[in-house]
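Since the structure comes first, as structure tokens, the remarks are kept for the end.
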Amino acid sequence: MATFTGLTFGGKVWTPKFLQAIDFARCIGCGRCLKTCGRGVMALRALNEDGEFVDDEEDDEIERKVMTIANVENCIGCEACARVCPKNCQTHTELAIA
Numbered sequence: 001m002a003t004f005t006g007l008t009f010g011g012k013v014w015t016p017k018f019l020q021a022i023d024f025a026r027c028i029g030c031g032r033c034l035k036t037c038g039r040g041v042m043a044l045r046a047l048n049e050d051g052e053f054v055d056d057e058e059d060d061e062i063e064r065k066v067m068t069i070a071n072v073e074n075c076i077g078c079e080a081c082a083r084v085c086p087k088n089c090q091t092h093t094e095l096a097i098a
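For the sequence shown, full-length UniProt numbering assigns the number 1 to the initial residue and increments by one for each residue that follows.
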């Protein structure tokens, strides 16, 4: 298997690492990664005190908000989200191709 690579504008080899997971226990819901990503990969969602997602954000049972992966297919592997995350809660991986 080979790893998917590309070239930078300057001609250097670049290996993108795509968003795979977000650790909800570490995420503080600050939104920095959401603001950094111009591809709409993530979404901020509300959790209740039982750790279940709440669709109605007006609900009094909201404990906190966390970042989720909404459109993983839009990720280009730039890792900008990870660079701005103060809690290092994202996992990225290289794409292996056959």
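We put the CB at the ideal spot given by N, CA and C, even for glycine.
| query | According to DSSP, is arginine 64 helix, strand or coil? | reply | strand
| field | Reduced DSSP category for glutamate 94 - H, G, I as helix; E, B as strand; rest coil | value | strand
| query | How close, in whole Å, do the beta carbons of cysteine 75 and arginine 39 come, if the pair is a contact with beta carbons under 8 Å? | reply | 7 Å
| request: Report all residues from its chain with a CB closer than 6 Å to the CB of glutamate 63; omit the five preceding and five following residues, and keep chain order. | output: Leu47, Asn48, Glu49
| Taking the C-alpha atoms as reference points, what is the distance between arginine 45 and lysine 12? | 37 Å
| cysteine 30 beta carbon less than 9 Å from that of proline 86 | yes
| said: Using CA atoms only, rank isn't needed, just tell me which of Cys33, Val41, Val54, Cys78 is closest to glycine 6. | reply: Cys78
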